[in-house]
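Notes for the one structure printed next.
2 protein chains.
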Amino acid sequence: MSKATIYDVAARAGVSLKTVSRVINKEPHVSEKTQGKVLTAVKALDYHPNLSARGLAANRSDIIGLLYDNSNCTYIVDVQNGVLEQCRLEGFDLLIHPCNYLDPGLGDEILATVKRTRLAGVILTPPVSDLLSLTRKFADQQIDFVRLSPGARNSSSPCVFSNEKQGAFEMTNHLISLGHTRIGFIVGHRDHCSSMERLDGYKEALAGAGIKIHNPFIRQGDYSLKSGEKCAGELLSLKKLPTAIFASNDEMAAGVIMVAHRLGIQIPNQLSVAGFDDSPTAQYIWPSLTSVKQPIMALAQTAAALLIGKLKNRAVDELQPILDGKLVLRESTGRYVSA
Amino acid sequence: MSKATIYDVAARAGVSLKTVSRVINKEPHVSEKTQGKVLTAVKALDYHPNLSARGLAANRSDIIGLLYDNSNCTYIVDVQNGVLEQCRLEGFDLLIHPCNYLDPGLGDEILATVKRTRLAGVILTPPVSDLLSLTRKFADQQIDFVRLSPGARNSSSPCVFSNEKQGAFEMTNHLISLGHTRIGFIVGHRDHCSSMERLDGYKEALAGAGIKIHNPFIRQGDYSLKSGEKCAGELLSLKKLPTAIFASNDEMAAGVIMVAHRLGIQIPNQLSVAGFDDSPTAQYIWPSLTSVKQPIMALAQTAAALLIGKLKNRAVDELQPILDGKLVLRESTGRYVSA
DNA sequence: TTGAAAGCGCTAACAT
DNA sequence: ATGTTAGCGCTTTCAA
Numbered sequence: 001m002s003k004a005t006i007y008d009v010a011a012r013a014g015v016s017l018k019t020v021s022r023v024i025n026k027e028p029h030v031s032e033k034t035q036g037k038v039l040t041a042v043k044a045l046d047y048h049p050n051l052s053a054r055g056l057a058a059n060r061s062d063i064i065g066l067l068y069d070n071s072n073c074t075y076i077v078d079v080q081n082g083v084l085e086q087c088r089l090e091g092f093d094l095l096i097h098p099c100n101y102l103d104p105g106l107g108d109e110i111l112a113t114v115k116r117t118r119l120a121g122v123i124l125t126p127p128v129s130d131l132l133s134l135t136r137k138f139a140d141q142q143i144d145f146v147r148l149s150p151g152a153r154n155s156s157s158p159c160v161f162s163n164e165k166q167g168a169f170e171m172t173n174h175l176i177s178l179g180h181t182r183i184g185f186i187v188g189h190r191d192h193c194s195s196m197e198r199l200d201g202y203k204e205a206l207a208g209a210g211i212k213i214h215n216p217f218i219r220q221g222d223y224s225l226k227s228g229e230k231c232a233g234e235l236l237s238l239k240k241l242p243t244a245i246f247a248s249n250d251e252m253a254a255g256v257i258m259v260a261h262r263l264g265i266q267i268p269n270q271l272s273v274a275g276f277d278d279s280p281t282a283q284y285i286w287p288s289l290t291s292v293k294q295p296i297m298a299l300a301q302t303a304a305a306l307l308i309g310k311l312k313n314r315a316v317d318e319l320q321p322i323l324d325g326k327l328v329l330r331e332s333t334g335r336y337v338s339a
Numbered sequence: 340m341s342k343a344t345i346y347d348v349a350a351r352a353g354v355s356l357k358t359v360s361r362v363i364n365k366e367p368h369v370s371e372k373t374q375g376k377v378l379t380a381v382k383a384l385d386y387h388p389n390l391s392a393r394g395l396a397a398n399r400s401d402i403i404g405l406l407y408d409n410s411n412c413t414y415i416v417d418v419q420n421g422v423l424e425q426c427r428l429e430g431f432d433l434l435i436h437p438c439n440y441l442d443p444g445l446g447d448e449i450l451a452t453v454k455r456t457r458l459a460g461v462i463l464t465p466p467v468s469d470l471l472s473l474t475r476k477f478a479d480q481q482i483d484f485v486r487l488s489p490g491a492r493n494s495s496s497p498c499v500f501s502n503e504k505q506g507a508f509e510m511t512n513h514l515i516s517l518g519h520t521r522i523g524f525i526v527g528h529r530d531h532c533s534s535m536e537r538l539d540g541y542k543e544a545l546a547g548a549g550i551k552i553h554n555p556f557i558r559q560g561d562y563s564l565k566s567g568e569k570c571a572g573e574l575l576s577l578k579k580l581p582t583a584i585f586a587s588n589d590e591m592a593a594g595v596i597m598v599a600h601r602l603g604i605q606i607p608n609q610l611s612v613a614g615f616d617d618s619p620t621a622q623y624i625w626p627s628l629t630s631v632k633q634p635i636m637a638l639a640q641t642a643a644a645l646l647i648g649k650l651k652n653r654a655v656d657e658l659q660p661i662l663d664g665k666l667v668l669r670e671s672t673g674r675y676v677s678a
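If you read the protein sequences in the order shown, they are chains F and A.
Oh and the first sequence: position 274 is 274 in my numbering, straight run, nothing missing.
Counting from 1 along the second sequence, just add 339 to a position and that's the residue number in my numbering.
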């Protein structure tokens, strides 16, 4: 393994310790020439700074933590990649920490991890980002954190949002533009704030189009396939049938499509179906699913930039970035044709 | 944040530095009583050892790296969780490093990361685990690594396998037991060793049942939906139609099902379809997909145990663990009914 | 079973 | 623009 230390580099470059340190850390006030000498020595010796030593001396760690309750692997991986991208840019590393947001001992476990590894800061994803007990502990212990898409925006801690309401609004408008007026909606899990956002977008679009909200068209799901099937069964046995169903995630939309297949209902001719999240599954089911793609990676990268900016005392805009989703139109939605 | 040091603990417990160190590191030769005193002080002061200081003094890091080329998020997350589980057990942390296995500069980039962060060891997943240029560099630099499911088993470096051939063998046998004799097979990506394993399992099962291998029934895919559709199109336009199609992953199987739907072919009545991997998608498509579930998490945990065992100089079985997959029977496969 | 002292490789003050 | 010095908190000899 690597053995060269900063002393070796200093000796070989014929400069002092501190000068090497300056070059490595990109501090100013080093002449081009000196810098060149140092860099050459670094290359020649295959020198890599010892992060432990640096962490010890500077009392910081350059490692951030990512906390999540792992249910949706696509989401998680997108978040990880977004955060990692920013880490790469800024010279940070990432520690991942899946957890169970229902675990009552979660706060202590996480605090222990943060202290043990001396994380520089933490990024929280939903539903962990909505645990007040946790964020309060972080605040108490002066642990920097950034939240992804928390439900409550009032806190002073920085956070980033995807505009879920807007996505649902646009999708609903799209269905309306296809001629649909009887549009069913399946709500997501009660514990997830996104559920209400998406529902609001649906309602707002209907209101905007002057379509009265028909309560039987709104069913409570929980983001699972099963709940999608159940709600679809209910919606498709109403006297007055919906001509389109907008499920607030793709798994539930897949459930709707399954039920339609079983009932011999043709999609999209007899029923349009839309989902949310644009999960990989959306492409694999038949007919392929129209959905809302959220900029999860960009969102996560923004969160990381915010956190690292704070850690580096970089001037940071205090506004909360909100990124918009985009419709992905596939085969499952089509123009309304009167029966 | 946490401020107590080992000195504070020693002072409070009325013992020396070294004694505290012994207790923390679970070294022997400490009396019960002393240990109790130290532990009490640790609790009282909310002491957490500083990993940087430890890493510097002991010249090790207790962080392992996970290298992967991120295509299949389900797989990645399973691997991460398996590795993390073992890390938790052994007091290690995990650094994740997605990469592009086709990048020619990959080796240097990874080596730099390993040195920079002074990783204790590395776990490689396919297809990165098959990059000889990389593993050779690791060996040169004395970097410990464990490979998940590499194609070449001859190397002396430890590795773990899932028994892909056996899974494909069993699935093929299952189809045969349902009365199918004309079974199409879609091969996976050429760069992935798993492709050949799965194909071998298929062939072996046919041979075992005395069914002659019919080359037109075997098509080259690449694990993508598109390739599944293409191969399905070819298979379903043969003069002599297959009555079942076994795609060597779920994405390609989804493609087969799509094509069947478009052609008005009923599944499973007219055509049975099976996949491999048991991805989440398998449950969401209609009809739900029969597939082979591999013990990815267990496999990854075993890999981590092997690596950490090596790092800790624990006696490690030199055999290469092979874990079996299981069939998950769903709606897409059924008994052969003669036309 | 316990302790004292040295030093891991680096950064941060404070020179110069 | 560059150098000197003193630790950071821990593990590791080596002693007792």
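From the three backbone atoms N, C-alpha and C, an ideal C-beta is built for every residue, glycine too.
None of the values given here were measured: they were computed from a predicted structure.
- Please list the segments of the alpha helix (DSSP H) lying wholly inside the segment 580 to 620 of chain A, counting only runs of 4 or more residues, in order along the chain. Listed in chain order, they are 589 to 602.
- Message: Does G664/A come out as helix, strand or coil in the three-state DSSP assignment?
- Response: Here G664/A sits in coil by DSSP.
- Cβ-Cβ separation, L470/A to G523/A (assumed contact under 8 Å), whole Å: Contact check for G523/A and L470/A: beta-carbon distance about 32 Å, past the 8 Å limit, so the pair fails to qualify.
- Query: Any contact of the segment 66 to 86 of chain F with the segment 289 to 304 of chain F, i.e. 3+ C-beta pairs under 8 Å?
  - Reply: Of all C-beta pairs linking the segment 66 to 86 of chain F to the segment 289 to 304 of chain F, three or more are shorter than 8 Å, placing the two stretches in contact.
- Item | Residue environment, Y7/F, which counts as buried when at least 16 other CB atoms sit within 10 Å | With fewer than 16 Cβ atoms within 10 Å of its Cβ, Y7/F is classed as exposed.
- Determine, using beta carbons only, whether D93/F comes closer than 7 Å to chain A. D93/F counts as touching chain A.
- Taking buried to mean at least 16 other C-beta atoms within 10 Å of its own C-beta, is E109/F buried or exposed? So E109/F ends up on the exposed side.
- Item | Range of the contiguous beta strand (DSSP E) that encloses S93/F | Ser is not the amino acid found at residue 93/F; the sequence shown has Asp there. Secondary structure note for D93/F: its beta strand (DSSP E) is the uninterrupted segment 93 to 98.
- Task: Express the C-alpha separation of I647/A and A396/A in angstroms, rounding to a whole number.
- Result: Approximately 20 Å, taken between the alpha carbons.
- Task: Could you pull the start and end residues of the alpha helix (DSSP H) that I624/A belongs to?
- Result: Per DSSP, I624/A belongs to no alpha helix (DSSP H) and is neither H nor E.
- Taking the C-alpha atoms as reference points, what is the distance between I322/F and A168/F? So the two alpha carbons sit approximately 15 Å from each other.
- Task: Locate the alpha helix (DSSP H) running through Y541/A, then write down its first and last residues.
- Result: That run of the alpha helix (DSSP H) goes 532 to 547.
- Query: Would you say L56/F reaches chain A, if we count a Cβ-Cβ gap shorter than 7 Å as a contact?
  - Reply: Interface flag for L56/F against chain A is set, since a Cβ pair is found closer than 7 Å.
- Message: Taking the alpha helix (DSSP H) that V42/F belongs to, which residues open and close that run?
- Response: Bounds of the alpha helix (DSSP H) holding V42/F are 32 to 45.
- Query: Which chain F residues sit within Cβ distance under 9 Å of Q609/A?
  - Reply: Against chain F, a Cβ distance below 9 Å from Q609/A picks out nothing, because the smallest value is about 16 Å.
- Task: Report the option in D144/F, A207/F, R147/F whose CA atom is closest to the CA atom of E170/F.
- Result: Cα-wise, what sits closest to E170/F is A207/F.
- Message: In the DSSP output, what is Q220/F paired with across the bridge?
- Response: DSSP, once it has assigned bridges, lists V187/F as partnering Q220/F.
- Taking Cβ positions, are Y340/F and T125/F nearer each other than 7 Å? No statement about residue 340/F is possible, as the shown extent of chain F runs from 1 to 339 and does not include it.
- Message: Just to confirm the assignment, what range does the beta strand (DSSP E) spanning V485/A have?
- Response: Counted as a single uninterrupted DSSP element, the beta strand (DSSP E) harbouring V485/A occupies residues 484 to 487.
- Mind pulling the chain A residues with CB within less than 8 Å of I96/F? Correct list: Q419, L423, L433, I435.
- Query: Among S355/A, N409/A, K665/A, K365/A, which has the Cα closest to the Cα of V467/A?
  - Reply: Among S355/A, N409/A, K665/A, K365/A, the Cα nearest to that of V467/A belongs to N409/A.
- Message: Our contact map puts A298/F next to G36/F with C-beta atoms below 8 Å; I'd like the distance itself, whole angstroms only.
- Response: About 38 Å separates the two Cβ atoms, so there is no contact after all.
- Message: Per the DSSP calculation, S162/F is bridged to which residue(s)?
- Response: In the DSSP output, where bridge partners are listed per residue, S162/F has L323/F.
- So which of I63/F, N163/F, V160/F has the shortest CA-CA distance to V114/F? Distances from the alpha-carbon of V114/F to those of I63/F, N163/F, V160/F put I63/F closest.
- Item | Integer Cβ distance of T629/A from L668/A, believed to fall under 8 Å | Yes, T629/A and L668/A are in contact; Cβ-Cβ is about 5 Å, under 8 Å.
- Item | Start-to-end residues for the alpha helix (DSSP H) that takes in I296/F | In this chain, the alpha helix (DSSP H) harbouring I296/F covers 296 to 311.
- Under the assumption that V369/A contacts V348/A (Cβ atoms under 8 Å), give the Cβ distance between them as a whole number of angstroms. Incorrect: roughly 14 Å between the Cβ atoms, too far for contact.
- Message: Distance cutoff 7 Å, beta carbons only. Does V77/F sit that close to anything in chain A?
- Response: By this cut-off, V77/F is an interface position.
- Message: Can you check which of these residues, E503/A, R351/A, L458/A, is closest to K665/A by C-alpha distance?
- Response: Closest option to K665/A, Cα to Cα, is E503/A.
- Compare the C-beta of H192/F against all C-beta atoms of chain A and say whether one is closer than 7 Å. No, H192/F does not count as interfacial toward chain A.
- Task: On a CA-only basis, which of D539/A, K649/A, A571/A is nearest P497/A? Give me that one, please.
- Result: Closest by alpha carbon: K649/A.
- Task: Could you tell me whether the Cβ of R116/F comes closer than 7 Å to any Cβ of chain A?
- Result: Interface criterion met: the Cβ of R116/F is under 7 Å from a Cβ in chain A.
- Query: Name the chain A residues that come within less than 7 Å of Y284/F, Cβ to Cβ?
  - Reply: Under the 7 Å cutoff, chain A gives L564, E590, A593, T620, I624.
- Is it true that the segment 511 to 525 of chain A meets the segment 540 to 557 of chain A, where meeting means three or more beta-carbon pairs spaced less than 8 Å apart? Flag = yes, the segment 511 to 525 of chain A and the segment 540 to 557 of chain A touch.
- Query: Name the chain A residues whose beta carbon is nearer than 7 Å to that of H261/F?
  - Reply: Listed along chain A are W625, each with a C-beta nearer than 7 Å to that of H261/F.
- Would a C-beta distance cut-off of 7 Å place V612/A and A593/A closer than the cut-off? Contact annotation: V612/A and A593/A have beta-carbon atoms that are not nearer than 7 Å.
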